[in-house]
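Peer 1: Residue numbering for the sequence shown follows my numbering, starting at 4 and increasing by one per position. Beta carbons are placed, not taken as given, at the ideal position from N, Cα and C, and that holds for glycine. Just passing along the structure, written as C-alpha cells.
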Amino acid sequence: MTPRPTAYAGDLAAPPSPEPPTAPPRPATTIPVRPDHPGAERRRTTSTVRRTDVFAVLGAAVAAVCLTALLFTALTPFDGALGFLVVAYLLFLACYLVLVRLDEAGPVVRDRFAGVLVHSLAVTMLVALVVVIGFTLFRGREPLAWANFYTQDMRSAGPLDPLGVGGIRHAIIGTLEQIGIALAITIPLGLLCAVFLSELPGAFSRFVRIVVEAMTALPSIVAGLFIYATVILALGRQKSGFAAALALSVMMLPIIIRAADVVLRLVPGTLREASLALGASQWRTIWHVVLPTARSGAMTAIILGTARGIGETSPVLLTAGFTQFTNANPFQANQVSLPLFVFDSIRRPDATMVARGFGAAAVLMALVLLLFVLARLLGGRAPGQLSRAQRRRRALASRRDAMRFARRAAAGSPPDHPNQR
4 MTPRPTAYAG DLAAPPSPEP PTAPPRPATT IPVRPDHPGA ERRRTTSTVR RTDVFAVLGA
64 AVAAVCLTAL LFTALTPFDG ALGFLVVAYL LFLACYLVLV RLDEAGPVVR DRFAGVLVHS
124 LAVTMLVALV VVIGFTLFRG REPLAWANFY TQDMRSAGPL DPLGVGGIRH AIIGTLEQIG
184 IALAITIPLG LLCAVFLSEL PGAFSRFVRI VVEAMTALPS IVAGLFIYAT VILALGRQKS
244 GFAAALALSV MMLPIIIRAA DVVLRLVPGT LREASLALGA SQWRTIWHVV LPTARSGAMT
304 AIILGTARGI GETSPVLLTA GFTQFTNANP FQANQVSLPL FVFDSIRRPD ATMVARGFGA
364 AAVLMALVLL LFVLARLLGG RAPGQLSRAQ RRRRALASRR DAMRFARRAA AGSPPDHPNQ
424 R
C-alpha cells in the first residue's frame, strides 16, 4: 500500500500573483510624444502672446490708474491731465515689472519689460498723431464744408466776413508750384550727389559728406536768409515763388542726399561686380543696375525731403512775401503758400480766420498724403517687378527685335545684338 504524501503549509499557499506592469520610461526630450492616432494630435500654439502676459498688462494698467487717482485726490496736491498721464505711465511700468518678476526669471523679465516699453511708446506716438490730426480736422470742419474755400482767394474777404466768402486757392497754387520747382531742382542734384558719394569714394567725397551732414541741421530761417541775401539783395530780384522754391531746395537737398546715399550703399556689391564682369562701364552699371535696384529707397529719400520742405514757413515768408491774391506766376510778385497762410490766419483774433487756418492745415495734410501715395505708386515696386505698361513696352521691344532678326536672316546676314541698334 502506497503511503499518502505529507502536506506542508508551504505547499498549501496560493501561487504568487503576477507583478504589476511597469510604466514606460518618460522620454528624455521635451518634444511631446506623437500619438498613434493622427486625429488625436493636439494643436500647438505658435503665438508669442500668452494669457499671463495679457493679465499682467491689464493688472498693471488698472493698478497704475488706481494708484495715480489715489495720489492726485487724497495723498498729494497734484493736479492736471498731463501730470496724471505721466505718473500713471511710470506706475504702470513699475507694476508690470513687479508682476512679471513674480513668475519669470531675470532675462525674461528684461525682455518683457523692454517689449512693453517699446510697444507703449509706439502706442503713445500713434495716439499723439491721431489727436493732432483729429483736432485739426475738428477745428477746420466748418470751412472744409464750403465749396468756395477751394475755389476762391482772399481778395474779397475780410477778417469779419463769414466763411461763405474767400478761400485758399492762392495758397494751394503757391504750395504746388513752389514744391514742384524745389523737387525739380533737388531730385537730380540730390541723386547725382548721392551717386558721387557712394560710387566715387575719396578725399573730396568725404569733404562733401561732412558738408551734407552739417547742412541737415541747418535752421530753416538761415536758409531763408541765405536766399534773401544772395538772390533778392545781391542779384536784385524781387520776392517771388521761385525764390521761396530756392530756399526750400536748400532745406530739402541735404535730406535727399543723406537718405539716398544710405540706400545706394545698401545695394549688394555683387550686382556691381557682375555688371562690370559682363563688360558694362561704370556709368552704365550705375544707370541700369544700381539706381533701379535702389529705386524704392530713392523714392523714400524724395518723400523725406518733400516732407521737410512742404511744411516750412519762415523761408517762404522771407523770400515770397504775402498776398491775398492768386498769383500763378512763380517768377514775379509775391506768392503765398499753405503753411504761410496757416501761420497768418491762426495768429488773428477773429474766429473765422482761425477756422480758415485750421481748414488750410487740413488741406495741407491731405495734399502731403496725396503726394506720398503718388510717390509710392511710382517707386514702390521691388527691383525686377514691372508694371503692366512696362511689360507692354518690353513685349513691343521684343517683337521689334524678332522682326529685325527675321529680316536680317532673310537677307543672309547674321543678326546683331539686341543692344546694338
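Quick one: is A174 buried, meaning 16 or more other Cβ sit within 10 Å of its Cβ, or exposed?
Peer 2: Buried.
Peer 1: Taking the C-alpha atoms as reference points, what is the distance between R158 and G170?
Peer 2: If you take the alpha carbons of R158 and G170, they lie about 9 Å apart.
Peer 1: Which complete alpha helix (DSSP H) runs does the segment 123-206 hold, if anything under 4 residues is left out?
Peer 2: 144-147, 151-154 and 172-202, all fully within the segment 123-206.
Peer 1: Are T322 and Y231 touching if we call contact CB-CB under 8 Å?
Peer 2: Yes, Cβ-Cβ distance for T322 and Y231 is below 8 Å.
Peer 1: Can you tell me where the alpha helix (DSSP H) holding Q285 begins and where it ends?
Peer 2: Note, Q285: alpha helix (DSSP H), Q285 to T288.
Peer 1: Taking only the alpha-carbon atoms, compute the straight-line gap between L179 and L249 and give it to the nearest angstrom.
Peer 2: Cα to Cα, L179 sits roughly 14 Å from L249.
Peer 1: Output the distance between the C-alpha atoms of V270 and L200, rounded to the nearest integer angstrom.
Peer 2: Cα to Cα, the separation comes out at about 14 Å.
Peer 1: Would you kindly check if the distance between the Cβ of G312 and the Cβ of M255 is under 8 Å?
Peer 2: Closer than 8 Å, so yes.
Peer 1: Ignore the nearest five residues each way along the sequence and tell me which others in H291's own chain have a CB closer than 8 Å to its CB.
Peer 2: Closer than 8 Å at the Cβ level, and outside the excluded window around H291, lie S278 and A283.
Peer 1: Please name the residue in L78, L70, R104 and L105 whose C-alpha comes closest to that of L88.
Peer 2: For L88, the nearest C-alpha among the options comes from L70.
Peer 1: Taking Cβ positions, are D156 and T329 nearer each other than 8 Å?
Peer 2: In this structure, T329 lies closer than 8 Å to D156 by Cβ.
Peer 1: Going by C-alpha distance, which of E145, L163 and F75 is nearest R351?
Peer 2: The option with the nearest alpha carbon to R351 is L163.
Peer 1: Rounded to whole angstroms, what's the CA-CA distance from R379 to L73? Just pull it up for me.
Peer 2: Distance between the alpha carbons of R379 and L73 is about 50 Å.
Peer 1: Enumerated in chain order, which unbroken segments of the alpha helix (DSSP H) with a length of 4 residues or greater are wholly contained in the segment 226-306?
Peer 2: You should have 244-268, 272-280 and 285-288.
Peer 1: For N151, which residues in the same chain have their Cβ closer than 6 Å to its Cβ, ignoring the five residues on either side in sequence?
Peer 2: Closer than 6 Å at the Cβ level, and outside the excluded window around N151, lie G170.
Peer 1: So, helix, strand or coil for R350, using DSSP?
Peer 2: Reduced to three states, the DSSP call for R350 is coil.
Peer 1: Just to confirm before moving on: does the CB-CB distance between L267 and V198 stay below 8 Å?
Peer 2: Yes; because the gap between Cβ atoms is below 8 Å, this pair is in contact.
Peer 1: Leaving out five residues on either side along the sequence, give the residues of the same chain with a beta carbon under 6 Å from the beta carbon of D353.
Peer 2: Cβ neighbours of D353 beyond the five flanking positions: P162.
Peer 1: Under 8 Å between the Cβ atoms of Q181 and G109?
Peer 2: In this structure, G109 does not lie closer than 8 Å to Q181 by Cβ.
Peer 1: Nearest-angstrom Cα distance between V293 and A67?
Peer 2: So the alpha carbons of these two residues sit roughly 53 Å apart.
Peer 1: According to the Cβ coordinates, are L307 and A262 closer than 8 Å?
Peer 2: In this structure, A262 lies closer than 8 Å to L307 by Cβ.
Peer 1: Can you tell me the Cβ-Cβ gap for T309 and L374, rounded? I've got them flagged as a contact below 8 Å.
Peer 2: Between L374 and T309 the Cβ distance is about 6 Å, and since that is below 8 Å, they are a contact.
Peer 1: So, does the segment 54-62 touch the segment 88-107, judging by three or more C-beta pairs under 8 Å?
Peer 2: Yes, they touch.
Peer 1: Assuming L93 is part of the alpha helix (DSSP H), what are its boundary residues?
Peer 2: Note, L93: alpha helix (DSSP H), A84 to D106.
Peer 1: Spatial neighbours of F116 within its chain, please: C-beta separation below 8 Å, excluding the five flanking residues on both sides.
Peer 2: Result list for F116: L96, Y99, L100 and V103, in chain order.
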